[in-house]
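Trainee: Residue numbers for the sequence shown, in the UniProt record's numbering: 1 to 126.
All residues carry an ideal CB built from backbone N, CA and C; glycine is no exception.
Here the structure is a predicted model, which is why all the values come from computation and not from measurement.
Structure provided below as structure tokens; questions to follow.
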Amino acid sequence: MAVRPKKELTFAKCLEMGLQKHIEVITKVAEKAAKEFSIEQQLDKMEQEWKPIRFEVLPYKQTGTYIIKASEDISQMLDDHIVATQSMSFSPFKKAFEERIASWENKLKITQEVLDEWLACQRSWL
């Protein structure tokens, strides 16, 4: 949700409205919003980091078949993102993003399972 401050809302106007009487509530809301924003940014960052990722498929000798090139960087990023996503799922500030967190974690786990199976199968016939 984008919040756009209005030019008419000045500090003096806030004082006129008596907002200083509600500073504790305002502070709690602001802190919660900041934590939720942090979760949203982390999810956005992880999704952006995956956009340029390509799994490299190489021809295998003269067999007419292909193998996937195992990348330690991809495996490490996958592990890191799974841990980060699982950590988010335990956050008391996750409510606004529960579905997105669960969906992202599911995508990461499926990717990990497919990659693990593919590499295990590949190792068995190389």
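Which whole-angstrom value describes the C-beta separation of Ile-82 and Leu-108, a residue pair presumed to lie in contact below a C-beta threshold of 8 Å?
Mentor: Confirmed, about 5 Å.
Trainee: If we count the other Cβ atoms within 10 Å of its Cβ and call it buried at 16 or more, is Phe-90 buried or exposed?
Mentor: Classification of Phe-90: exposed, given that the 10 Å Cβ count is below 16.
Trainee: Note down, in chain order, each residue of its chain lying with its Cβ closer than 8 Å to the Cβ of Trp-102, except the 5 sequence neighbours on either side.
Mentor: It is Ala, not Trp, that sits at residue 102 in the sequence shown. Counting only Cβ-Cβ distances below 8 Å, and skipping sequence neighbours, we find Ser-89.
Trainee: If you compare alpha carbons, which of His-22, Arg-100, Trp-50 and Met-17 is closest to Glu-40?
Mentor: Measuring from the Cα of Glu-40, the nearest candidate turns out to be Arg-100.
Trainee: Can you tell me where the alpha helix (DSSP H) holding Leu-43 begins and where it ends?
Mentor: Looking at the DSSP string, the run of the alpha helix (DSSP H) that includes Leu-43 is 23–50.
Trainee: Measuring CA to CA, which of Ile-110, Lys-95, Phe-11 and Ile-68 is closest to Ala-120?
Mentor: With distances taken between Cα atoms, Ala-120 lies closest to Ile-68.
Trainee: Rounded C-beta distance between Thr-111 and Leu-78? I'm assuming under 8 Å.
Mentor: The pair is a contact, with the Cβ atoms about 6 Å apart (cut-off 8 Å).
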